[in-house]
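Numbering (the numbering used here), first residue to last: 1 to 275.
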């Protein structure tokens with residue numbers, strides 16, 4: 001049983017006795033905003049799938065490549081849905097390094113992720129955080145932060161990294177993505193990454209069960225390539241298509257794990273709105 005210690009940076013609404021996948025991901029990336037229960041579930045899965053931390057880093061590297069790909073094509077405004085707890089190379093940091101005028105809105109339902117994002121962005125008038133569930137499409141797109149920073153008459157770069165596998169089939173993830181897609185103007189992009197059992201196999205299903213048994217509110221749905229590909233319906237996938245996360249336009253050794261399975265733990269792709 002993990003000892004529960006409440007730090008002064010934790011909102012009182014947060015139950016620190018059950019794990020959060022956002023905080024577990026923070027731990028895997030070397031962050032400090034996590035608890036023993038989060039580290040416990042992360043390490044359990046890591047022991048079953050050695051190299052999981054490398055998989056987390058591969059995903060983070062993909063985020064940077066996807067943002068730079070979009071900025072190279074003129075995108076100057078971004079909506080990062082399921083942004084998580086701030087860590088290194090956040091979307092606004094990558095984008096504003098290219099052009100300080102880039103505007104970014106983050107979306108997350110986790111109160112710790114929101115609280116720390118608010119602190120990080122306090123002095124940045126071109127970036128903001130919305131606390132919302134991604135299923136509340138109207139609430140996200142109609143929020144004061146989105147209306148202030150994003151202009152939907154111009155192309156937008158949307159990111160849904162490590163998000164859609166938390167949307168079970170009964171919540172119709174394809175229809176949910178389509179609602180965001182339909183709000184985007186021509187020339188916009190979607191970048192997404194999603195866990196898969198195609199290469200890792202049974203351990204991924206076991207990990208999903210571990211998360212469920214832990215008491216976490218998060219529920220992971222493992223999908224195969226064709227199912228993940230269907231989430232990009234209505235988008236034109238850019239080359240090389242939907243591939244292992246490390247295979248999406250790697251720029252060098254830092255984008256690839258030396259644990260081969262971790263390069264294929266996630267599928268990743270970028271699609272363009274073209275009507």
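Beta carbons are placed, not taken as given, at the ideal position from N, Cα and C, and that holds for glycine.
Legend entry - Span of the alpha helix (DSSP H) around residue 120: Within the chain shown, the letter at position 120 stands for residue 120. Unbroken alpha helix (DSSP H) run through residue 120: 111 to 120.
Inset, instruction - Compute the Euclidean distance between the alpha carbons of residue 199 and residue 227, then round it to the nearest angstrom. - result: Within the chain shown, numbered from 1, the residue matching residue 199 stands at position 199. Within the chain shown, numbered from 1, the residue matching residue 227 stands at position 227. Going from the Cα of residue 199 to the Cα of residue 227 covers about 15 Å.
Legend entry - Counterpart residues of residue 276 in DSSP-defined beta bridges: With the chain covering 1 to 275 only, the question about residue 276 has no answer from this structure.
Inset, instruction - Jot down the residue ranges of each uninterrupted alpha helix (DSSP H) in the stretch 38 to 84, minimum 4 residues, whole runs only, in chain order. - result: 52 to 72
Inset, instruction - Kindly list the residues whose CB is nearer than 7 Å to the CB of residue 173, restricted to its own chain and excluding five residues on each side of it in sequence; keep chain order. - result: On the chain shown, position 173 is the one that residue 173 refers to. 164, 167, 231.
Legend entry - Option in 236, 133, 204 with minimal Cα separation from residue 83: Within the chain shown, the letter at position 83 stands for residue 83. Cα-wise, what sits closest to residue 83 is 133.
Legend entry - Three-state secondary structure assigned by DSSP to residue 223: To locate residue 223, count along the chain shown from 1; it is residue 223. Strand.
Inset, instruction - Starting from residue 244, follow its DSSP beta bridges and name the residues at the other end. - result: As a first step, residue 244 must be located in the chain shown, where it is residue number 244. BP columns for residue 244 point to 267.
Legend entry - Minimum C-alpha distance to residue 179 - residue among 137, 47, 118: Counted from its first residue, the chain shown places residue 179 at position 179. Measuring from the Cα of residue 179, the nearest candidate turns out to be 137.
Legend entry - Own chain partners of residue 221 with C-beta closer than 6 Å, once the 5 adjacent residues on each side are dropped: Within the chain shown, numbered from 1, the residue matching residue 221 stands at position 221. Within the same chain, residue 221 has close Cβ partners 165, 168.
Inset, instruction - Would you be able to state if there are at least three C-beta pairs under 8 Å between the stretch 239 to 248 and the stretch 38 to 48? - result: no
Legend entry - Simplified DSSP state of residue 129, which is helix, strand or coil: Here the question's residue 129 lines up with position 129 in the chain shown. Here residue 129 sits in strand by DSSP.
Legend entry - Element boundaries [beta strand (DSSP E), containing residue 217]: As a position in the chain shown, residue 217 is number 217, starting the count at 1. Counting along the chain, residue 217 falls outside any beta strand (DSSP E), and DSSP gives it neither H nor E.
Inset, instruction - Please say whether residue 114 and residue 149 have beta carbons closer to each other than 7 Å? - result: Here residue 149 is taken as the residue at index 149 of the chain shown, counted from 1. Here residue 114 is taken as the residue at index 114 of the chain shown, counted from 1. No, Cβ-Cβ distance for residue 149 and residue 114 is not below 7 Å.
Inset, instruction - State the DSSP-derived secondary structure class of residue 103, mapped to helix, strand or coil. - result: Counting from 1 along the chain shown, the entry for residue 103 is found at position 103. Correct three-state label for residue 103: strand.
Legend entry - Length of the line joining the Cα atoms of residue 125 and residue 24: Walking along the chain shown from the start, residue 125 turns up at place 125. Walking along the chain shown from the start, residue 24 turns up at place 24. Answer to the nearest angstrom: the Cα atoms are 29 Å apart.
Legend entry - Buried or exposed (CB count within 10 angstroms, at least 16 for buried), residue 275: By 1-based counting over the chain shown, the position of residue 275 is 275. Exposed, by the Cβ-count rule.
Inset, instruction - Tell me whether residue 139 sits in a helix, a strand or coil according to DSSP, three-state version. - result: Residue numbering aside, residue 139 sits at position 139 when the chain shown is read from its first letter. Three-state DSSP puts residue 139 in a helix.
Legend entry - residue 211 versus residue 18: straight-line alpha-carbon distance, rounded: Taking the first residue of the chain shown as position 1, residue 211 is located at position 211. Taking the first residue of the chain shown as position 1, residue 18 is located at position 18. One C-alpha to the other measures close to 10 Å.
Inset, instruction - Drop a sphere of 10 angstroms on the beta-carbon of residue 71, count the other beta-carbons inside from all chains shown, and report buried for 16 or more, exposed for fewer. - result: Start at 1 with the first residue of the chain shown, and residue 71 comes out as number 71. Looking at its Cβ environment, which holds 16 or more other Cβ atoms inside 10 Å, residue 71 is buried.
Inset, instruction - Tell me whether residue 144 is buried or exposed, calling it buried when 16 or more other Cβ atoms sit within 10 Å of its Cβ. - result: Along the chain shown, one-based indexing puts residue 144 at 144. Exposed.
Inset, instruction - Would you tell me roughly how many angstroms separate the C-alpha atoms of residue 183 and residue 258, rounded to the nearest one? - result: Taking the first residue of the chain shown as 1, we reach residue 183 at position 183. Taking the first residue of the chain shown as 1, we reach residue 258 at position 258. Across the structure, residue 183 and residue 258 are spaced so that their CA atoms are roughly 39 Å apart.
Legend entry - Distance between residue 119 and residue 263 (C-alpha atoms, nearest Å): The residue labelled residue 263 in the question sits at position 263 within the chain shown. The residue labelled residue 119 in the question sits at position 119 within the chain shown. C-alpha separation (whole angstroms): 33 Å.
Inset, instruction - Starting from the Cα of residue 38, find the closest Cα among 56, 16, 51, 59 and give me that residue. - result: For the purposes of this step, residue 38 is taken as residue 38 along the chain shown, with counting starting at 1. Residue 16 is the option with its Cα nearest to residue 38.
Inset, instruction - Report the option in 239, 122, 256, 26 whose CA atom is closest to the CA atom of residue 265. - result: Looking up residue 265 in the chain shown gives position 265. Nearest C-alpha to residue 265: 256.
Inset, instruction - Reducing DSSP to helix, strand and coil, say where residue 159 ends up. - result: Sequence index remark: in the chain shown, residue 159 carries index 159 (1-based). DSSP places residue 159 in strand when its eight states are reduced to three.
Legend entry - Buried or exposed by the 16-neighbour rule on C-beta atoms within 10 Å, applied to residue 270: Translated into positions along the chain shown, residue 270 becomes position 270. Classification for residue 270: buried.
Legend entry - Which of helix, strand or coil DSSP assigns to residue 200: Stepping through the chain shown from its first residue, residue 200 is reached at position 200. Coil, per DSSP.
Legend entry - Same chain only: Cβ atoms within 7 Å of residue 94, ignoring 5 sequence neighbours per side: Locating residue 94 in the chain shown gives position 94, where the first residue counts as 1. Only 64, 67, 68 meet the Cβ criterion.
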